[in-house]
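Report on one structure; see the data block that follows.
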Amino acid sequence: MCGIIGCVSDKDCCGALYDGLKRLEYRGYDSAGIAVLGKTLSVCKKKGGVSNLSGFYAAGGTGIGHTRWATHGAPSDANAHPHTSGGFALVHNGIVENYAALKEELEGEGEVFSSETDSEVIVKLIARYFEGDFLGAVARAVGRLEGSYAIAVICEKFPGELVAAKKKSPLVAGEGRGGLFVCSDIPALSGIADYIAKAEDGEFVHIAKGEINFYDRALRPLSKTFFRTQEELRGAAVAGGGYFMRAEIAEIPRALSDTLSSLEDKDFAPCARILRGAKRMFAVACGTAYHSALVFRDTVEREAGIPVVCHTAGEFRYRPALVGPQDVVVAVSQSGETADTLEAAYLARSRGAFVIAVTNIGSSTLAAAADFTLVMRAGAEIAVAATKSYNCQLLCLLYLAAQLVFFKKDRFPDWFSALSSLAEGASAAMDCFSETDRLADCLKKARAIYYLGRGTDLCTAREGALKVKEIACVFAEGYPAGELKHGSLALVEEGFPVICVSTQKNLLKKSENALAEVRSRGGFCVLFSQYREALADSCAQFSCLLPILPEPLMPVVSVIPLQYFAYKMCIERGLDPDKPRNLAKSVTVE
Ligand code: F6R
55 MCGIIGCVSD KDCCGALYDG LKRLEYRGYD SAGIAVLGKT LSVCKKKGGV SNLSGFYAAG
115 GTGIGHTRWA THGAPSDANA HPHTSGGFAL VHNGIVENYA ALKEELEGEG EVFSSETDSE
175 VIVKLIARYF EGDFLGAVAR AVGRLEGSYA IAVICEKFPG ELVAAKKKSP LVAGEGRGGL
235 FVCSDIPALS GIADYIAKAE DGEFVHIAKG EINFYDRALR PLSKTFFRTQ EELRGAAVAG
295 GGYFMRAEIA EIPRALSDTL SSLEDKDFAP CARILRGAKR MFAVACGTAY HSALVFRDTV
355 EREAGIPVVC HTAGEFRYRP ALVGPQDVVV AVSQSGETAD TLEAAYLARS RGAFVIAVTN
415 IGSSTLAAAA DFTLVMRAGA EIAVAATKSY NCQLLCLLYL AAQLVFFKKD RFPDWFSALS
475 SLAEGASAAM DCFSETDRLA DCLKKARAIY YLGRGTDLCT AREGALKVKE IACVFAEGYP
535 AGELKHGSLA LVEEGFPVIC VSTQKNLLKK SENALAEVRS RGGFCVLFSQ YREALADSCA
595 QFSCLLPILP EPLMPVVSVI PLQYFAYKMC IERGLDPDKP RNLAKSVTVE
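This is the structure in structure tokens:
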């Protein structure tokens, strides 16, 4: 998603803005730009990578920067931000839903637009409303907007000042040695701002006279607490020009250990009464996080006997079913800023449900919106494709499921004590990597792959398919093994790859039957299992032995070779795993 940064400093800020944009790159983008206010306003904006701006330098201590993820208007120099009008320059993250009507109105008043973006209407409105009061003009302009925005604005007439505003898109302000900042996220300010405060919807940030001030929607001053940025939010270092995704897969055992320690310190008393009384639950999330929610559903239904309705958050928003005061809604989001998941959580709360958040960012909007929060300790996840956060989400959700079993049945499930072996199990799963290298070499030209699973393995299959789609750009589908013969088998022909995950003893034979159907049509079968006998008896041409853990915990480790396989496929196909096509890390628009 788009990222914004703004800086007011005693020194030239161009370098700080460029470095900030580099740190925002992980969110996903297709063009970038910087505006610096020196004697005049200098703007450089280009389609493509932040590095395209490396030749730009302008003296001045006040500036803004942007990474754009195109929504309205194709990626191009003209559509890149900052946009300017009447001496103002603006960067915007979000979507102005009523921009067409506003544009028509402004064009009717003689304004000429130089981009196809929704964002340009904001700077034109600010310039129109300006009557000497910078903050007032911004406030009046955003009062006209429908949709979502985090904006940062500078003005030729106000050197050393910056105004920012937010609704539904994240915005933080930070103080550091290099100056005063606003930014879309905390990780991007790591290392340059030591203290951070978050803006809430409808609030304004005004940097002036060396101070950061917050105002409410009526422009009354607010007092905010600045908190120290957490060490764990600092970005993972990648030695020797490697990829973040690879480094983050390698970090899974550490991330699991840290997450378990923090869960063990967590006091569940505040939600004990609610969990004890829970008769029905909902789990909502997007993408990879949704797959962890599916594992939660299976585990809770099987172990605690409580029905769990699982929805992608975007669907839940528009068909909230029967969610009500007796319900517990678990909202899962690595970033804690995903627009759909946030809206789902707000909706659930407005209907009186108890919302439990599972997130990697304790200071996120989702954590603030929830009644109870479990924070995983995956550390900053920079690669767009979620890996270590998925394993940690699963751990949090299994831990939560175990608490539910305890509250319902007065005993923890048998596998609860084995959670402490997960980190070791994750390391052991990495022993599969050399075989996985061979598999990727073998399948690098594949045009499509089926991933099969039954029961909880289906969640793993779906996650494996999503990973290979998003970073290796290979069509893939995660499919219930038993459903293949009801339609999808039609695509299987000579050499068609089918990867099966089979970690549940009672379903081994069923999965094998599906592979046999594939094999007899010439398909190329791959099997991942921790059961040697399953691998020995299988018709699969390629197999891989997973580490042994109690079956309910297997999703945490069985996915690791699939995450790595997607990474290897991506490398084999000459793509960049950290910057997948069309994708953004933090999806802060609907
Ligand atoms: C896939 C991926 C996305 C995210 C999804 C939700 O690798 O990263 O599918 O899982 O956009 O993001 P969060 O968890 O931040 O809400």
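Numbering (the working numbering), first residue to last: 55 to 644. Heads up, the beta-carbon is just placed ideally off N, CA and C, and yes, glycines get one too.
For Pro361 and Lys100, the gap between their C-alpha atoms comes out near 51 Å.
In the structure shown, Arg356 adopts helical secondary structure according to DSSP, grouped into three states. Val363 and Val192 have their C-alpha atoms roughly 43 Å apart. Collapsing the DSSP output to three states places Thr94 in coil.
Excluding sequence positions up to five before and after Pro609, its CB lies within less than 7 Å of the CB of Val349, Leu448, Thr510, Cys513 and Thr514, all in the same chain and listed in chain order. Within the chosen limit of 8 Å, the ligand F6R reaches the beta carbon of Gly390 through at least one heavy atom. Counting only the Cα atoms, Asp485 lies some 23 Å from Cys593. In this structure Gly148 touches Ala204 by the C-beta definition: roughly 6 Å separates them, less than 8 Å. Judged by the Cβ position, Val641 qualifies as a neighbour of the ligand F6R at the 8 Å threshold, a heavy atom of the ligand being closer than this. The nearest non-hydrogen atom of the ligand F6R is 8 Å or more from the C-beta of Thr419.
9 Å or more divides the Cβ of Gly92 from the Cβ of Pro136. The residue from Ser244, Arg194, Ser316 and Lys222 with its alpha-carbon nearest to that of Leu273 is Arg194. In the DSSP assignment, Ala526 is bridged to no other residue.
Under the Cβ criterion (8 Å, minimum of three pairs), the stretch 363-372 does not count as touching the stretch 318-325. Contact check for Tyr80 against Asp632 passes: the beta carbons are separated by less than 9 Å.
The criterion of a C-beta distance shorter than 9 Å is not satisfied by Tyr444 and Glu391. By the neighbour-count criterion, in which a residue is buried when 16 or more other Cβ atoms sit within 10 angstroms of its Cβ, Pro275 is exposed. Within the stretch 162-223, complete alpha helix (DSSP H) segments of at least 4 residues are found at 174-183 and 188-196, given in chain order. Per DSSP, reduced to three states, the secondary structure at Arg627 is coil, with no helix or strand assignment. Each residue's CA atom was taken as its position, placing Glu548 and Ala439 some 31 Å apart. Taking a C-beta distance under 9 Å as the contact criterion, Ala358 and Lys463 qualify as a contact pair. Sequence-distant partners of Phe212 (beyond 5 residues in either direction) whose C-beta falls short of 7 Å from its own C-beta, in its chain, are Phe188.
The nearest non-hydrogen atom of the ligand F6R is 8 Å or more from the C-beta of Val528.
Proximity of the beta carbon of Val409 to the ligand F6R is not indicated: no heavy atom of the ligand is located closer than 8 Å. Asp248 is positioned such that its CB atom lies closer than 9 Å to that of Glu229.
Taking a C-beta distance under 9 Å as the contact criterion, Leu420 and Ala411 qualify as a contact pair. Leu156 and Val175 have their C-alpha atoms some 7 Å from each other. Per DSSP, the unbroken beta strand (DSSP E) holding Tyr269 starts and ends at Glu265 to Tyr269. Counted as a single uninterrupted DSSP element, the alpha helix (DSSP H) harbouring Pro324 occupies residues Ala323 to Gly331. For Lys278, same chain residues with a beta-carbon under 6 Å away, outside a window of 5 residues either side, are Ala251 and Phe268 in chain order. Given a length threshold of 3 residues, each whole run of the beta strand (DSSP E) inside the stretch 529-555 is given here in chain order: 529-534 and 551-555. Shortest Cα-Cα distance from Arg198 to any of Val552, Asn152 and Gly164 involves Asn152.
Between the stretch 530-547 and the stretch 563-576, the count of C-beta pairs closer than 8 Å reaches three or more; the two stretches touch.
Distances from the CA of Ile503 to each of Val580, Asp491 and Glu489 were compared; the closest alpha carbon is that of Val580. Closer than 8 Å to some heavy atom of the ligand F6R: that describes the Cβ of Cys340. Burial check for Pro379: the Cβ neighbour count within 10 Å stays below 16, so the residue is exposed.
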